[in-house]
Amino acid sequence: MDSHPTTLKATIGPGRILRRGTERPYQELALLDGERHTLRDDLARADRPHPLNRRRRSILCFAHLSDFQIADVQSPARFEFFNRYFGDPRVAAIVPVQRPQEALVVHAVQAIIDTLNNIDSSPVTGTPLHLVVTTGDGIDNAQWNEMQNFMSLLEGGKVHPNSGGSSYEGIQSASWPDEFFWHPDVIQSGGPDIWREKYGFPHAPGLLLSALRDFDSEGLNLPWLGCFGNHEALIQGVGALTRPVLEYLVGGRKPVGLPSGMDLDEAKHFTTEPEIFLTGEQLPVTADVHRRGITRAEFVAEHFRPMGRPHGHGFTQDNLREGTAYYAYDEPHSGVRLIGLDTNRIQGGVGGSLDHRQVQWLEQRLLETHSVYRQADGTETHSGHEDRLVVVFSHHDSETLVGSNDPATPDAARGSPGLISLLHRFPNVVLWLNGHRHINKVRPHRDPAGYGPGFWEVTTCSVMDWPSQSRLVELVDNGDGALSLLCTMVDHNAPVHPLLIDGRTSLPSLHRELAANSPWGGTTADLAGTLHDRNVDLLLPGHVPS
């Protein structure tokens, strides 16, 4: 077992050119130098010396996973045709709807699970990993069959990537000639699609058949916490699950283009009326009742399987009773409180918000971990509770938690300014962990009132897109009253090159390579972040409860 298969030892990045498209080359991936932890003292004194490892004590070490987007790639109610208009601002909130690597994502998730199962300790302090935190978008299209595959991967069980009929029926099929999508099975040289012609994507006969075969997952060895994301709540993560859409999900017709005569300006209605885009040109698919849509209550209930650790994966009986998806979980080894939020708007929309009821609930859960806190007017208040460290996690980040735009309820939902202001009133909050944007990003949030130093926001990239990584997070007592949040990126353990010695293809490796060569989300995009967003030592002075 390799205890520390992290990017401290080696990283993965673009290598030699394999093929040249008319617009850009297709590159293999290569092993590159590792990256040491970069000290970030944005919330501390600039002249503070780096903590010495021999004085450090680990409080809690866990892994963070986000945005698998496990997709039923043959679903009748996916609107892949919007990808034809990529770059048009009128569809910016909808695209990308389809990715060339998406049929392989279940295999990438399995590789990440296998990798985390083989990490037995922190690469810095040697403390065991105690937990995995997920931050939503485990599935892509709010479907029951996608949810079953998500749970089978994480809990262990049979994974069924295929749906509908026995053969692949979708936009990547050789029998569905659409140049805007990659067709791995078609032999034609220099085509037959823009991915082969412009971007040098490979000919990979039999790939879809291999990708959609059933397989068994052993599941995570560690306890894990769930989180509700916009792709669990909404069709394509954007549109409301209206009755016509729910009926279409289990039907036998698939739209492959905009309705005749429809102007792209109408895309603004996709949020609340996605069904109006179901009336264009259609092709037949095999109906499947397992594609039915899921509700928030069903999403939560699926986490209460008999052998789950912890039971409910953080969700509680209150969630089951009240139909909510936010909770507080007190990690038993450390006493750290982890608070999972539901930032989604089930009425539609890719952005997030917090309703008034959840904000009130959150304030109470924060109060329970503070001996002293500030009221909204700035008054210092003693609560009688003991001090404990707090980690808040959600799907949306500070740039996409936009609040409510409903004129009928202007004060009913908060965006990130309101949440950040609330968190600053409770100085034991040290970290806000999230996903959604498919990017590695670290931001300091300094307390403007100076009551405490503030807290760190850490956004972790997706599994679906490049760089397809997970992140280790460790809370460390530096021995001088200061806390460090040690963040370390982890690449999954599949081979760097997808072609194996025996001639077979490593599906998780190919997933990563395809994602790396995406013209709008690959190695040339900023999804991997900078050195200051990946392996980092985030300093917080005066943050270790006595």
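Everything in the sequence shown is counted per numbering that gives the first Met the number 0, starting at 0 for the first residue and increasing by one.
Positions of the beta carbon are idealized from the N, C-alpha and C atoms, including for glycine.
Asked, Found
"DSSP three-state label for P283, please.", "strand"
"Give the straight-line distance between the Cα atoms of P254 and T270, rounded to the nearest whole angstrom.", "17 Å"
"From the DSSP output, in three-state form, read off P544 for me.", "coil"
"Would you call the stretch 482-494 and the stretch 74-92 touching, i.e. three or more CB-CB distances under 8 Å?", "no"
"Going straight from the alpha carbon of L257 to that of F276, what length do you get?", "6 Å"
"Report the three-state DSSP secondary structure of G238 (helix, strand or coil).", "strand"
"Excluding the 5 residues flanking V441 on each side, which residues of the same chain have their C-beta closer than 8 Å to its C-beta?", "R39, W455, E456, V457, T458, C486, G528, H531, D532, V535, L537"
"According to DSSP, is G414 part of a helix, a strand, or is it coil?", "strand"
"Do I93 and the ligand SAM come close, with the Cβ less than 7 Å from some heavy atom?", "No copy of the ligand SAM occurs in the structure displayed, which carries no ligand at all."
"Between the C-alpha atoms of P13 and P494, what's the straight-line distance to the nearest angstrom?", "14 Å"
"Answer yes if the stretch 140-151 comes into contact with the stretch 188-204, meaning at least three C-beta pairs across the two stretches below 8 Å, and no otherwise.", "no"
"In this structure, what does DSSP give as the bridge partners for E473?", "C60, L485"
"To the nearest whole angstrom, what separates the beta carbons of D317 and G228, a pair I think is in contact under 8 Å?", "Incorrect: roughly 20 Å between the Cβ atoms, too far for contact."
"Roughly how many whole angstroms lie between the Cα atoms of H36 and A110?", "24 Å"
"State the DSSP-derived secondary structure class of T114, mapped to helix, strand or coil.", "helix"
"Check whether the Cβ atoms of G541 and G480 sit closer than 8 Å, and answer yes or no.", "yes"
"Can you give me the C-alpha to C-alpha distance between H395 and I16, rounded to a whole angstrom?", "36 Å"
"How big is the Cα-Cα spacing for L482 and S333?", "14 Å"
"Which residues in the same chain as E178 place their Cβ atom closer than 6 Å to its Cβ, once the five residues preceding and following it in sequence are excluded?", "D192, I193"
"In chain order, which continuous runs of the beta strand (DSSP E) of length 3 or greater are located wholly inside the stretch 375-455?", "379-381, 389-392, 428-433, 440-445"
"Who does T504 pair with in a DSSP beta bridge?", "L498"
"Going by Cα to Cα distance, which pick from N439, P544, D476 is closest to N526?", "The amino acid at residue 526 is misidentified as Asn; the sequence shows Leu. Per the Cα distances, N439."
"Here's a check: name, in chain order, each residue in its chain whose Cβ is nearer than 6 Å to the Cβ of P222, leaving out the five neighbours to either side.", "L130, R308, P309"
"For T170, count neighbouring C-beta atoms within 10 Å of its own C-beta (all shown protein chains included) and say buried if the count is 16 or more, exposed if not.", "Rather than Thr, the amino acid found at residue 170 in this sequence is Ile. By the 10 Å Cβ count, I170 comes out buried."
"Taking the alpha-carbon positions, what's the A203 to S209 distance?", "11 Å"
"Given a cut-off of 8 Å, decide if D66 and Q142 are closer than it, judged by their beta-carbon atoms.", "no"
"Helix, strand or coil: which one does DSSP assign to D192?", "coil"
"My parser needs the alpha helix (DSSP H) runs of 4 or more residues fully inside the stretch 132-217; what are they?", "143-154, 193-198, 206-210"
"Just to confirm before moving on: does the CB-CB distance between P273 and V299 stay below 8 Å?", "no"
"Should the stretch 504-517 be regarded as contacting the stretch 100-110, the criterion being three or more beta carbon pairs within less than 8 Å?", "yes"
"Using 10 angstroms around the beta-carbon of W181, count the other beta-carbons present and answer buried if the total reaches 16, otherwise exposed.", "buried"
"Provide the residue(s) that pair with E536 in DSSP beta bridges, ordered along the chain.", "Sequence inspection shows Asp at residue 536; the Glu mentioned does not correspond to that position. Answer is L38, L485."
"Grouping DSSP H, G and I as helix and E and B as strand, with all else coil, what is I69?", "strand"
"Please report the Cβ distance between L361 and V390, rounded to the nearest whole angstrom; I am assuming they are in contact, meaning their Cβ atoms lie under 8 Å.", "That belief does not hold up - the Cβ atoms of L361 and V390 are roughly 13 Å apart, past 8 Å."
"What number of angstroms, rounded off, separates the C-alpha of A239 from the C-alpha of G351?", "14 Å"
"Counting along the chain, where does the beta strand (DSSP E) carrying L30 start and finish?", "24-32"
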